[in-house]
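S.K.: Chains as they are written, first to last, in numbering that gives the first Met the number 0: chain B, 0 to 140; chain C, 0 to 407. Structure in structure tokens, see below.
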Amino acid sequence: MSTISEIEDEIREDFSLFEDWEERYNYIIDLGKDLPLIESSKKTEERIIKGCQSRVWLNAELREGKVYFTADSDAVITKGIIALLIRVLSGHKAEEIARAELHFIDDIGLKEHLSPTRSNGLVSMINYMKNYAARYAESNA
Amino acid sequence: MITEENITHWRSQFPILQTQVNGKPLVYFDNAASSQKPQRVIDSIVHYYTRLNSNVHRGVHTLSQKATDAYEEARTALAGFINAPEKECVIFTKGTTDSINTVASGFSQAFLKAGDEMWISAMEHHSNIVPWQMACERSGAKLRIIPMDETGTLFTESFLNELGAKTKLIAITHVSNSLGTVNPVKEIIAKAHSLGIPVLVDGAQAAPHMKVDVVDLDCDFYCFSGHKMFAPTGTGVLYGKREWLEKLPPYQGGGDMIETVSFEHTSYNVIPFKFEAGTPNIEGVIAFSEAVKFIQDIGIETIHAREAQLLAYANKKLAEIEGIRFIGTAKEKSAVVSFLLDGAHPYDVGILLDKMGIAVRTGHHCTQPVMDFFKIPGTIRASFAFYNTETEIDLLAQGLEKAKRMLL
């Protein structure tokens, strides 16, 4: 399996093919539409990460020393970005996830989605993913 | 008669309207959140700091005197703007939220107790909900809600019949920020007064768009913000009738609000100073009065008429979009259009419109109970100012069609 930074590179390459914002967003929207990201039984109140505008559900599981994430959102653009984050982070060792800097978000022009004014729950989601991994890595150290 | 030349001239005075966002000419439809500022308001801030800067109400030196004069002239200008009978009844605050909190704090200390009731409406902004919840928590009074129907119109009659000896205050919005409904505040005030009940009006969405006359309304308190009416942020007004302002306890303690201070006892200054603790937002207030003069030069009636044209055009144009659902369809409305596109989350639509240079607000607009009432996560809101154009509304309609194609 590829490393986190290798997957980030793949995504950068995918996005380099797009000529304008429309192509970029059409791709993200398609990602958001295509992926069933979380089992509906897991879309519970406890798994909700409250953003101001769009809601995000996140589930984390440990299997054989690796962390697996599933998630969903009621907004399709948010969901598409979540799909990218899951592609990068899910299935890696906790230490690697905790260390990941996720520069690809800036590089593919999606930094604006992480601004606090967007209130989409993505910042909280990334924090949650990394903190979850960090806690596990610590307890395993 | 409003001409093309008028509109071009108005727009030319707002530097930000000449800029581009995401490579597209800015279409600014978030005026209910905050309006843009004309050059003369911006210039007045620069003028203050280059010519007048000094603290007010304190120094004997020339600059302090000049700053004080400008600050107090602003009070006169604001009093004139709302036809306040005396300028001492105009308190400068940080904004509508601050104005409401000033009254809520005083009421909870002095005029509300367990067993009392007060009313707000189902369409209030959080700023006219939470301060009263806090006041009721402190005092033990009960907060009651005037209900509304599915068009966003209040059930005024049934609520007026429930007013009685227990009712100590009504706090109601003049114009709803998320629905655009214009409430019949004058009638409510008349009925409330016949029972000896005071009324506070949240005028944040009214003052920029229509003639407000506090004598004609006969309201006991009227609150509004500068930044929604072409003035800087951090400026606002609390108008109150003298009798109320004199008996209302001060909100915050500090400089300027005192008469004498000893460690045993402090006596408070007269109004308006009793409510203006600390160094105020001097340049903001002075620029606020410049914004008022700007409005008066154009004429608030002209502004109102122009915005009514824009609202009518937007209602017609946006209704052509298949799958649009308007939220807030009251008969009396100000220039706010709140809506949803079937199958699309408002957040997604807002993001795509932004890419096209169109600034709208999406979400609950700080009125979560309104969204709960309609059982929706939020709306897309286009709120107009007199400087907007029909061409911009066409761009919004095209943008929405494009967002639909991309999202659905």
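The beta carbon of each residue, even a glycine, is placed where N, CA and C say it ideally should be.
Are any of the Cβ atoms in chain B nearer than 8 Å to that of P376/C?
M.R.: Yes, because at least one Cβ of chain B sits closer than 8 Å to the Cβ of P376/C.
S.K.: Mind listing, in chain order, the continuous alpha helix (DSSP H) runs of no fewer than 4 residues lying wholly within the stretch 117-201 of chain C?
M.R.: The stretch 117-201 of chain C contains these whole alpha helix (DSSP H) runs: 129-138, 155-161 and 184-193.
S.K.: Is T43/B close to chain C, meaning its C-beta is less than 8 Å from at least one C-beta of that chain?
M.R.: It does not: the Cβ of T43/B has no partner Cβ on chain C nearer than 8 Å.
S.K.: Of all the alpha helix (DSSP H) runs that stay within the bounds of the stretch 19-48 of chain C, which reach a length of 4 or more residues?
M.R.: Listed in chain order, they are 38-46.
S.K.: Since V236/C is in the beta strand (DSSP E), which residue starts that stretch and which ends it?
M.R.: Start and end: G235 to G239.
S.K.: Quick check: is the beta carbon of L351/C nearer than 8 Å to any beta carbon in chain B?
M.R.: Yes, contact with chain B.
S.K.: Reducing DSSP to helix, strand and coil, say where K92/B ends up.
M.R.: K92/B falls in the strand class under three-state DSSP.
S.K.: Between A70/B and chain C, is the shortest Cβ-Cβ distance under 8 Å, so that the two count as touching?
M.R.: Not closer than 8 Å to any Cβ of chain C, the Cβ of A70/B fails to qualify, so no.
S.K.: Is there a C-beta anywhere in chain C that falls below 8 Å from the one on Y26/B?
M.R.: Not one chain C Cβ lies under 8 Å of Y26/B.
S.K.: Can you give me the Cβ contacts of K332/C inside the same chain, cut-off strictly under 7 Å, excluding the 5 residues immediately before and after it?
M.R.: Cβ within range, chain order: G179, T180, V181 and L310.
S.K.: Give, in chain order, every residue of the stretch 1-21 of chain B whose Cβ lies closer than 8 Å to some Cβ of chain C.
M.R.: So the close ones are W20 and E21.
S.K.: Determine the contact status of S98/C and P207/C, defining contact as a CB-CB distance below 8 Å.
M.R.: No; because the gap between Cβ atoms is not below 8 Å, this pair is not in contact.
S.K.: How long is the line joining the alpha carbons of T388/C and E9/B, rounded to whole angstroms?
M.R.: T388/C and E9/B: Cα-Cα distance of roughly 44 Å.
S.K.: Would you call M122/C buried or exposed, if buried means 16 or more other Cβ atoms sit within 10 Å of its Cβ?
M.R.: By the neighbour-count rule (16 or more Cβ atoms within 10 Å), M122/C is buried.
S.K.: Which residues in chain C sit within 7 Å of S53/B, going by Cβ to Cβ distance?
M.R.: Near S53/B (Cβ distances below 7 Å), the residues of chain C are H344 and Y346.
S.K.: Would you say D105/B faces chain C, with C-beta separation under 8 Å as the test?
M.R.: No, no contact with chain C.
S.K.: Note down, in chain order, every chain B residue with its Cβ under 9 Å from the Cβ of F399/C.
M.R.: In the sequence under discussion, the amino acid at residue 399/C is Leu, which differs from the Phe named in the question. What L399/C touches in chain B: nothing, since even the nearest Cβ is about 15 Å away.
S.K.: Should E149/C be labelled buried (16 or more other beta-carbon atoms within 10 Å of its own) or exposed?
M.R.: The residue in question, E149/C, is exposed, as its Cβ has fewer than 16 Cβ neighbours within 10 Å.
S.K.: Check whether the Cβ of V87/B lies closer than 8 Å to any Cβ atom in chain C.
M.R.: Output row for V87/B: interface = no.
S.K.: Relative to the C-alpha of S89/B, which candidate in E63/B, I27/B, E12/B and S15/B has its C-alpha closest?
M.R.: That would be E63/B, whose Cα lies nearest to the Cα of S89/B.
S.K.: What distance in whole Å lies between the Cβ atoms of V236/C and D219/C, which are believed to be in contact at a cut-off of 8 Å?
M.R.: Contact flag wrong, Cβ pair sits at about 14 Å.
S.K.: Going straight from the alpha carbon of N52/C to that of V59/C, what length do you get?
M.R.: Approximately 14 Å, taken between the alpha carbons.
S.K.: Tell me, please, whether the CB atom of A74/B is closer than 8 Å to any CB atom in chain C?
M.R.: Yes, A74/B counts as interfacial toward chain C.
S.K.: Applying the criterion that 16 or more other CB atoms from any shown protein chain within 10 Å of the CB defines a buried residue, is I171/C buried or exposed?
M.R.: With 16 or more Cβ atoms within 10 Å of its Cβ, I171/C is classed as buried.
S.K.: Determine, for K354/C, whether the minimum Cβ-Cβ distance to residues of chain B falls below 8 Å.
M.R.: Yes, contact with chain B.
S.K.: From F14/B to P24/C, what does the alpha carbon distance come to, in whole angstroms?
M.R.: Approximately 26 Å, taken between the alpha carbons.
S.K.: Nearest CA to the CA of E7/B: which residue from I76/B, A133/B and I80/B?
M.R.: Ranking I76/B, A133/B and I80/B by Cα distance to E7/B puts I80/B first.
S.K.: Could one say the Cβ of G114/C lies closer than 8 Å to chain B's Cβ atoms, at least one of them?
M.R.: No - not a single Cβ of chain B is within 8 Å of the one on G114/C.
S.K.: In whole angstroms, what separates the C-alpha of M228/C from that of A290/C?
M.R.: One C-alpha to the other measures close to 7 Å.
S.K.: For R305/C, which three-state DSSP category applies?
M.R.: Three-state result, R305/C: helix.
S.K.: Could you check whether S53/B and S39/B sit closer than 8 Å to each other, using their CB atoms as the reference points?
M.R.: Not in contact: S39/B and S53/B (Cβ atoms no closer than 8 Å).
S.K.: Between N30/C and S382/C, is the Cβ-Cβ spacing less than 8 Å?
M.R.: It is a contact, given that the beta carbons lie within the stated cut-off.
S.K.: For a contact meaning CB atoms closer than 7 Å, what does M405/C contact in chain B?
M.R.: Those within 7 Å of M405/C in chain B are Y24, N25 and I28.
S.K.: Taking the alpha carbon of S43/C as the reference point, which residue from E4/C, G362/C, A307/C and I281/C has its own alpha carbon closest?
M.R.: The residue with the shortest Cα to Cα distance from S43/C is I281/C.
S.K.: Quick one, which of K354/C, N268/C, E4/C and D115/C has its alpha-carbon nearest G22/C's?
M.R.: Of K354/C, N268/C, E4/C and D115/C, the residue nearest in Cα terms is K354/C.
S.K.: Just checking my contact of R11/B with F103/B at CB under 8 Å: how many whole Å lie between their CB atoms?
M.R.: With a Cβ gap of about 6 Å, R11/B and F103/B count as contacting.
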